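Under mature numbering (1 follows the signal peptide of the UniProt record, and there is no 0), the residues of the sequence shown are numbered -20 to -1, 1 to 83, in order. Each remark here refers to the structure printed beneath this line.
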Amino acid sequence: MHLLRIVIALATLLAPVAMAALRLRDTIHTENLRIYDSFMSQIHLPMVYHAYLKNNRVHIDVYDHEGGKIVNYATYKSSTRAAAFFQYVSEQPPWKAAHLASS
């Protein structure tokens, strides 16, 4: 019983670390990774992007940093890890959430 408590305690402590290790790329289904990589390689400063999950699809909106207008967007089939990633992002402080959803 004591060993079980240790395992549960470790799992509780390490869960945020495991989620933080996820990247936006991990939310994309493997069928779409080549297209995603090509799309992301076209994003350069001063562009910024915002990613979110909607209807089991990962949406990425690319904005012109200066004007704030959407200049490009993409939608991808989500992976099995997408919901957990975006749930984790939504629970973070705004400054950290913005970094996670755009990394």
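Ideal Cβ placement from N, Cα and C applies to all residues, glycine included. Only a predicted model underlies this, so the values are computations on that prediction, with no experimental measurement involved.
Beta-carbon proximity list for residue i, same chain, < 8 Å, skipping 5 on both sides
i   : result
Y29 : I23, I40, D41, V42, Y43, S82
C-alpha distance - residue i paired with residue j, whole-angstrom precision
i           : j   : result
R61         : V38 : 11 Å
R14         : H79 : 23 Å
I50         : Q67 : 24 Å
residue 143 : T7  : Residue 143 falls outside the range modelled here, since the chain spans only -20 to 83, and no answer is possible.
P73         : T10 : 29 Å
S70         : T55 : 19 Å
N35         : F65 : 15 Å
L33         : R5  : 13 Å
Own chain residues within Cβ distance below 7 Å of residue i, not counting five before or after
i   : result
E46 : P26
Proximity test, residue i beta-carbon vs the ligand GDP heavy atom, cut-off 7 Å
i   : result
K49 : The ligand GDP is absent from the structure shown, which contains no ligand whatsoever.
Cβ neighbour criterion (16 or more within 10 Å) applied to residue i
i   : result
S58 : buried
Beta-carbon proximity list for residue i, same chain, < 6 Å, skipping 5 on both sides
i     : result
M(-2) : Note that M(-2) scores 48 on pLDDT, short of 50, meaning its location in the model is unreliable and no value can be drawn from it.
Span of the alpha helix (DSSP H), counted from its first residue to its last, around residue i
i   : result
R14 : 13 to 21
S59 : No alpha helix (DSSP H) contains S59, which DSSP labels as neither H nor E.
Extent of the continuous beta strand (DSSP E) run through residue i
i   : result
H30 : 27 to 34
Residue i in three-state terms, based on DSSP
i   : result
H79 : helix
R37 : strand
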